[in-house]
Every structure is written in structure tokens, then in C-alpha cells.
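In our numbering, the protein residues as written are 364 to 854.
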């Protein structure tokens, strides 16, 4: 039993020794594997002393967040972009009379290649540019209208083109239908009259063309065109023309409408600068007017044959008293004919004349009663006014040749101007107002209205003198001047 025990002991010790060697070998191998810096260095002369085990400071480790399975979230729904909704449109071509199809830019809306509320509309001319065109004096900057568009919101647009063709497009035109009457158009353009009536010249016959003849003044209508004189059968460059109408245009130029005396079917508009009223003696008929009393020549005129009734050279047309009166100098009257040729190129006629006897005008007093833009002339009761008596010297300004218009400048300097006898009148009768207070009226000479009213008044005719009425508080200062004459009054 001891033997077995001893044997067991030896075997156990051997096993233990083997296990110890094996463990050491394994530990060395592990240290080499873990790296050089982890191997303990031992001096050859010193015994290795085991390292003191220092208790590592226990630090609380942050708890790692628990890994949780990512929640599956549904992707956010992105609302689709709203498409801009554009209105729908209705288009209509318009056919206005060419004279009534014109508009002028106001500068309150731009010009676009299509109605501005339509998708893809592009600016052609800004508001500033349209304002510039609207204020221009250039004939080409007038627009004409040839179509209308209406969108589903009720907004209207006009298709316009400038007369010079530089601008074309659509402009805002308000909300009032203008398809039948262009004067109803509003917004970016206004209705525009391209021709303004003007006064006829003193001489209306015997003119020659020096330039183009137009169907309407240049660029006043879309269809303005030159009249083909070369193709006009029967037209001669010696033809004379008479003026029967006159107009001014956007640029301020004056145009005359003329008729060919030789061929009345040939008519048209001509710029006033392209008319010549001069006639050479070899082409026309020369009339000499002589004062019968003095023998002096008062006037000499060379007129076109057509103006004297000679429509075709070679025709026998006598020069008559009626023809002599047609070109009578102002302030004279016919006496008799002297030596006269028949009406022919290079012909001559002698006419004796007498100066008209002077005539004296009378005066009638008026006030203007205004009602808005209109006014009415109301005669003043001279029996209630402190109308002055005038001397013969003062009344001399009322006398002149009945063939001439009254000289208003002379009349004002002697009678009507500031400080003159008829410049200021007083109503001598006091009146009561609605509050039973006294007032009286005074009257001050109105030069502008008086001159306008007497533009064609000749000596011998009644002169209308217009006053401005003013109401004054208190009693009228009753006074009058009783020396001289009141025969100048047209009562």
C-alpha cells in the first residue's frame, strides 16, 4: 500500500512538474506574441523581483447605449409644387376705320409680346419707354389697334403697332369693351386723334405743288400713302391747286387738303411747306389795281389761269368785273376796268378802284356767364352803369376803313386798357343779398375774350366789349361823367 502510495506520489509530482514547465512555456510564448513592450526586462546581475500588483483604479465606465433596432420611419411626403394657373383667353381681330384706330401710350403699362397675364409673356417695352413714346412729338410713335384679347378674369388687352413699325405687341387695355368704340379703351393706351383742325390761310387758291401729295397726312393713319401724280391722267406740273381744309398733326406740322383746279378729281394732303403760292407772269395773268383818285398803283397780283376760270389753255375766257373783285385789295371797292386782255398765259388786266369811305363802329358791353367749360354772353344794361361820355379824339379809334379789321391794340390804348375810360365800370344800383346786406357789381375789361370775339370784326360793325363781373359789399358809389358823347354805344 505504501508502495502504491509512493508510486502515486511520484507520478503526481511528475505530472505536476510537467504541468508547471508546460505552463511556463506557454506563458513565454504568449508574452512574445503580445509584443515586445509587454515583456518584463530583467538585469543579468539582479534577481528579478515580481512587480507589485497595483490595484487599478476602478473608474465607472460609461454605459454604452443600448443598441436598439433603428425604427423604420416612413419617408416624409413632399407636397408637389403648385403649378401657376393661367387664365384662358378669347381673341378678336378688329377692323376700325383707319381714322379711328389710333391710340397713344399712357406709360401706365408695358408692352408685351403676348398678353402679360399669359404664360411666357415677354416684355417688349417698359412702362418708362411707353411713357416716353406717349410724350413724343414723333409721328411714328402713334400706335394703331387691330385686335383685342379678353382673359377669363375679364381683363382686356389690345394688340398695337407703332406707325413706324418699331414696336408691336399687346398692352393692358382696362376692362371696358372697346371693340365697337375705341374711345372706350383705357389702361396702357388712350384713344388718340392724329389730326387737329386748323385755320385756312388768307389765300386759298393758286398754289403749286413742290412736294408729295398724300391720301392723309404722313403717318396719321395706317393706310397713309402717296398719291401717284405721275400716273394721274391729265395732271400737269403747271396745274394750280386750291385749299379747302387744313390740319395740324402730332409733330406740329401744318398740312393742307388741296384740289387740282384743272382736274378736280385729283385731291390730297400736302405739307404746307411743299406749296408755293407764287406765279410767274409768263404762266399766269397779271392784274394791276390803280387808285382812281390818285393814279397810284395799290396792288399788283399775278394769278393762275385756273383761278380765273381758264381750265384749258386756248379757251376764250374774258376778264370781267367779277374776276376783278375776286382779288380786290382790302379797303377798296371796284370802280371800272381799264385795258384788259382775255384770260391767257402772260395776259394783263388794269382795274381802277376807289378807297372805301371810313366807317365808325359802335360798342356793346357784355359779361360772360360761365357754366363749366361753356360760357354765354349776356348784354349789360348801360342805363345802370356809370358809362362815361367820350371826346371825339377818344372815339377816333372806332373809325377806320370798312375793308379792314378793327385795330384792337389802338382801341385798347385809347379806350379799354388799364387806366382808360372804358376799362372799369360800376353798377350804380345797389342790391340786397340773401342776408339782406347791400352789394353792388363792378366790371373789369376782359382783353382775351374781347379780342377773341372780335377777331374778324371790321370797322363799321359793332364791337363786343366783354367784362368780368365782381360783387362788392356795401353801397354803390353813384357817380357819372357827363361831358362828351355817348353816341358810341350800340343800345
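Ideal Cβ positions, reconstructed from N, Cα and C, are used throughout, including at glycine.
Taking 7 angstroms as the cut-off, the Cβ atoms of residue 618 and residue 610 count as close. By the CB criterion at 7 angstroms, residue 777 and residue 793 fall outside the cutoff. When Cβ pairs closer than 8 angstroms are counted between the two stretches, the region 732-751 is seen not to touch the region 695-705, the count staying below three. Annotation for residue 509: the continuous beta strand (DSSP E) segment containing it runs 506-514.
The residue from 534, 769, 684 with its alpha-carbon nearest to that of residue 510 is 534. Per the C-alpha coordinates, the member of 817, 689, 739, 727 positioned closest to residue 716 is 689. In this structure, residue 625 sits near residue 602, with a CB-CB distance shorter than 7 angstroms. Distance from the CA atom of residue 762 to the CA atom of residue 699, rounded to whole angstroms, is 27 angstroms.
Looking only at 589, 564, 563, 583, the smallest Cα-Cα distance to residue 575 is reached by 589. Under the DSSP assignment, residue 804 falls in the beta strand (DSSP E) whose first and last residues are 801-808. In its chain, beyond the 5 residues on either side, 510, 511, 542 have a beta carbon closer than 7 angstroms to the beta carbon of residue 455. Shortest Cα-Cα distance from residue 515 to any of 666, 466, 485, 453 involves 453.
Between residue 500 and residue 614, the CB-CB gap stays under 7 angstroms.
Secondary structure in the region 557-616: the beta strand (DSSP E) runs of 3 residues or longer, each lying completely within the stretch, are 558-560, 604-612 in chain order. Looking at the backbone, the Cα of residue 641 and that of residue 593 are separated by about 23 angstroms. Around residue 796, the same chain offers 802 as residues with beta carbons nearer than 7 angstroms, after the five sequence neighbours per side are excluded.
Contact between residue 466 and residue 476 is absent: CB atoms are separated by about 18 angstroms, not below the 8 angstroms threshold. Check the Cα spacing between residue 764 and each of 696, 787, 738, 829: the tightest is with 696. Put simply, the backbone Cα of residue 591 is about 40 angstroms away from that of residue 491. When the beta-carbon positions are compared, residue 551 and residue 663 stay at least 7 angstroms from each other. A direct Cα-Cα distance of roughly 56 angstroms separates residue 710 from residue 782. For residue 636, the three-state secondary structure derived from DSSP is helix. Excluding five sequence positions before and after residue 661, the CB atoms of its chain that fall closer than 8 angstroms to its own CB belong to 652, 653, 654, 692, 695, 716, given in chain order. Between residue 752 and residue 829 a beta carbon distance of about 22 angstroms is seen, past the 8 angstroms cut, so the two are scored as non-contacting. By the beta-carbon neighbour count (other beta carbons within 10 angstroms, threshold 16), residue 804 is buried.
The shortest C-alpha to C-alpha distance from residue 747 to any of 525, 557, 840 is the one to 840. Taken through DSSP and simplified to helix, strand or coil, residue 788 comes out as strand. Listed in chain order, the non-local C-beta contacts of residue 820 below 7 angstroms within the same chain comprise 768, 769, 826, local neighbours out to five positions each way being set aside.
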